[in-house]
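Asker:
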Amino acid sequence: VTRMHFQWDWLCLGVLIIGSVTAEIENEETLDADVEVEDFDKESQEADFDRDESSLEARLQKSLVVYQTPKPTGEVYFTETFDGVLAGWVLSKTKKEDTDDNIAKYDGRWEVEELKENTVPGDRGLVLKSVAKHHAISAMLTKPFIFDNKPLIIQYEVNFQESIDCGGAYIKLLSSSDDLNLEYFFDKTPYTIMFGPDKCGEDYKLHFIFRHKNPKTGEYDEKHAKRPDIDLKKFYLDKKTHLYTLVLNPDDTFEMLIDQSVVSKGSLLEDMVPPVNPPKEIEDPSDKKPDDWDERPKIPDPNAVKPDDWDEDEPSKIEDPDAVKPEGWLDDEPQYVPDPNAKKPKDWDEEMDGEWEAPQIPNPKCETAPGCGHWVRPMKNNPNYKGKWKAPMIDNPNYQGIWSPQKIPNPDYFEDLHPFEMTTVSAIGLELWSMTSDIYFDNFIICSEKEVADRWAADGWGLKKLVASANEPGMFSQLVTAAEDHPWLWVLYILTLALPVGLGVLFCWPAKKTDEDIDLKKTDISKPITQGELKQEREELEDDEIEEEKENEDTAED
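What the sequence shown shows, in mature numbering (1 follows the signal peptide of the UniProt record, and there is no 0), is residues -23 to -1, 1 to 535, in sequence order.
(1) So within the stretch 133 to 218, which uninterrupted beta strand (DSSP E) runs reach at least 3 residues, ignoring any that extend past its ends?
(2) Answer yes or no: do residue 404 and residue 118 have a C-beta to C-beta separation smaller than 8 Å?
(3) Tell me the DSSP secondary structure of residue 387 in three-state form.
(4) Of the choices 223, 238 and 411, whose alpha-carbon is the least far from that of residue 231?
(5) Measure the Cβ-Cβ separation of residue 174 and residue 133 and say whether it is below 8 Å.
(6) Anyone know if the C-beta pair for residue 315 and residue 334 falls short of 8 Å?
(7) Can you tell me whether residue 254 is helix, strand or coil according to DSSP?
(8) Is residue 350 close to chain C, meaning its C-beta is less than 8 Å from at least one C-beta of that chain?
(9) Using a threshold of 8 Å, state whether the C-beta atoms of residue 140 and residue 217 are closer than that.
(10) Could you have a look at residue 86 and say whether DSSP puts it in helix, strand or coil?
(11) Quick one: residues in its chain with C-beta nearer than 8 Å to the C-beta of residue -2, no 5 flanking neighbours on either side, listed in chain order?
(12) Tell me the rounded alpha-carbon separation between residue 522 and residue 514.
(13) If residue 406 sits next to residue 153, beta carbons under 8 Å apart, how far is it from one beta carbon to the other, in whole angstroms?
(14) From residue 151 to residue 167, what does the alpha carbon distance come to, in whole angstroms?
(15) Please determine, among 203, 156 and 192, the residue with the shortest C-alpha to C-alpha distance to residue 172.
(16) Within 10 angstroms of the Cβ of residue 4, are there 16 or more other Cβ atoms? Answer buried if so, exposed if not.
(17) Have a look at 431, 472, 377 and 445 and flag the residue whose alpha-carbon is nearest the alpha-carbon of residue 422.
(18) Mapping DSSP to helix, strand and coil, what is residue 515?
(19) For a test of the three-state rule: what should DSSP assign to residue 410, helix, strand or coil?
(20) Tell me whether the beta-carbon of residue 340 lies closer than 8 Å to the beta-carbon of residue 311.
(21) Reducing DSSP to helix, strand and coil, say where residue 79 ends up.
(22) Skipping 5 residues on each side, what residues in its chain have a beta carbon closer than 8 Å to that of residue 55?
(23) Which residue or residues does DSSP assign as beta-bridge partners of residue 315?
(24) Relative to the C-alpha of residue 428, which residue among 44, 46 and 51 is closest?
(25) Give me the residue from 194, 233 and 196 with the minimum Cα distance to residue 206.
(26) When you compare the CB positions of residue 277 and residue 368, do they come within less than 8 Å of one another, or not?
(27) On a Cα-Cα basis, can you pick out the residue from 466, 244 and 418 that is closest to residue 102?
(28) The ligand SAH and residue 274: does any heavy atom of the ligand fall closer than 7 Å to the residue's C-beta?
(29) Does DSSP put residue 2 in a helix, in a strand, or in coil?
(30) Just to confirm my understanding: we take residue 159, look at its own chain, exclude 5 residues before and 5 after, and list those with CB closer than 6 Å. What are they?
(31) For residue 83, does the count of other Cβ atoms within 10 angstroms reach 16, so buried, or fall short, so exposed?
(32) Going straight from the alpha carbon of residue 194 to that of residue 169, what length do you get?
(33) Counting Cβ pairs closer than 8 Å, one from the stretch 282 to 300 and one from the stretch 319 to 339, do we hit at least three?
(34) Between residue 253 and residue 246, which are expected to be in contact by the criterion C-beta below 8 Å, what is the C-beta distance as a whole number of angstroms?
(35) Scan the stretch 392 to 436 and note each continuous beta strand (DSSP E) run of 3 residues or more that stays entirely inside, going in chain order.
(36) Spatial neighbours of residue 317 within its chain, please: CB distance less than 8 Å, with the 5 preceding and 5 following residues excluded, ordered by chain position.
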């Protein structure tokens, strides 16, 4: 019993230690979560984040955040932070074709302003302000991007500040041409790449489309990347700034990333719809199925004969002859009666409206009876019903399979083994329609080095993420908010807190000692043994052995 009490004491101590360690770990995780920032470039010494900073320090210093406009650290083809004068950007002055005149004009309004929530002082972005209007704005690249032996990296930030009902936030890289005029930028302006988020209803998309030039005809076709496998919904509804990145490699592979995490990747040759290269063979359009071609795998047995006793006239249902009218059935009472409380409207004109009749209501006498009116026997399945006879089906001996046209060489076949070599791009544009306003864009960059894009993201999007994390409510506030929306959670919280307390009391509270425990404990106490007692025990053992030997001898003589 004493040993058992010691075990319970150790168990209690262990529970308390584990609880303390768990609480400390949870506390550290909570502190770390508020300042967690992804390491965009481990070798960069210019990052503005102190990754060991506590959440308390972040909250105290968030109002003192010093924002500096990001600057590229390597070769770039285009950058835009929207922190200064909106230089180089051109508003479209044209109209959209095949559209009603009242909405055809690209007159949607743009503004340069700070975020509504989680504001970083001094950090501004381009904001789409109008609803149900066409928007178009574009800018020339610092220098054209030629698709040769360098990767193409496109990266920018989007914040759906009012969530999003129906609208896009994608960008277009416009194809180089001598007649490119940004004042006439519209939906049919040739582009090479379209990339970014788009949503309407419950359809959440992340576009990557490139226009591929047919080497035989010179015509362009749109090739769409397969949809990401992950759920994109949160990126459109959480009102946070998200970072969108597209990476195209000279080996004809691509990656799409959101917040520096890959959401889709694949091959330009294998993962685009429709495929870049057409099939080598196609079905012959002039081939026709022969008139006697039999595609029926089964046919009625021509040798089958209808049995003589097959009666096709029997109905499928008959009255149940065993049914009995329930006792108390009111044959003389109708199911519905005129409403005694109804009154003819004062403006009722019998010459125009006819004779007025009170509306019908269920007969109150039928509510306590099994039924009212004329009783009719219920119907049941006819055991003699067989229906119309049909011959059983057998395998068709003349079955030739499903016919298909023969294959012929595809006259339009070509093979482009390097679709990465796209049309040179020289401008960037946003051509959008939205039913939601205040879509925020910021920190565009087009470059060839991932390290350059990552450092650019750290100085812009990373700072926004840090401020947003510092502004997020703590775990306790989130639990209270959830319980306000779902009051039943209070019961769950109480049970969750009461369970460990109850177990702690059950196992750690000292049990009251009984008289029986005290007596047992007394007998368990070791007493010192004297030399005389040892000698007496030895003599008793020797006497027992002598007596046992005598008994064995007597048994042997018998």
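Where a beta carbon is used, it is the ideal one built from N, C-alpha and C, also for glycine.
Answerer: A quick look at the data gives this:
(1) 143 to 145, 148 to 152, 168 to 177, 180 to 190 and 197 to 202
(2) yes
(3) coil
(4) 223
(5) no
(6) yes
(7) coil
(8) The displayed structure is made up of one protein chain only, and chain C is not part of it.
(9) no
(10) coil
(11) Confidence is the limiting factor: at residue -2 the pLDDT is only 44, short of 50, which leaves the residue's position unreliable, though a coordinate-based value still follows. Taken in chain order, the list of residues that qualify is empty.
(12) 13 Å
(13) Not confirmed; about 13 Å, so no contact.
(14) 6 Å
(15) 203
(16) Low confidence applies to residue 4: its pLDDT is 44, below 50, so where it sits in the model is not reliable, and the reading given next is rough at best. Residue 4 is exposed by the Cβ-count criterion.
(17) 431
(18) helix
(19) strand
(20) yes
(21) helix
(22) 116, 118, 119, 405, 421, 422 and 423
(23) 337
(24) 51
(25) 233
(26) yes
(27) 418
(28) In terms of ligand content, the structure shown is empty, and the ligand SAH therefore cannot be addressed.
(29) For residue 2, the pLDDT reaches just 40, beneath the cut-off of 50, and the residue's location in the model is therefore unreliable, although a value from the coordinates is still provided. Three-state DSSP puts residue 2 in a helix.
(30) 67 and 115
(31) buried
(32) 17 Å
(33) no
(34) 6 Å
(35) 402 to 411 and 416 to 424
(36) 335
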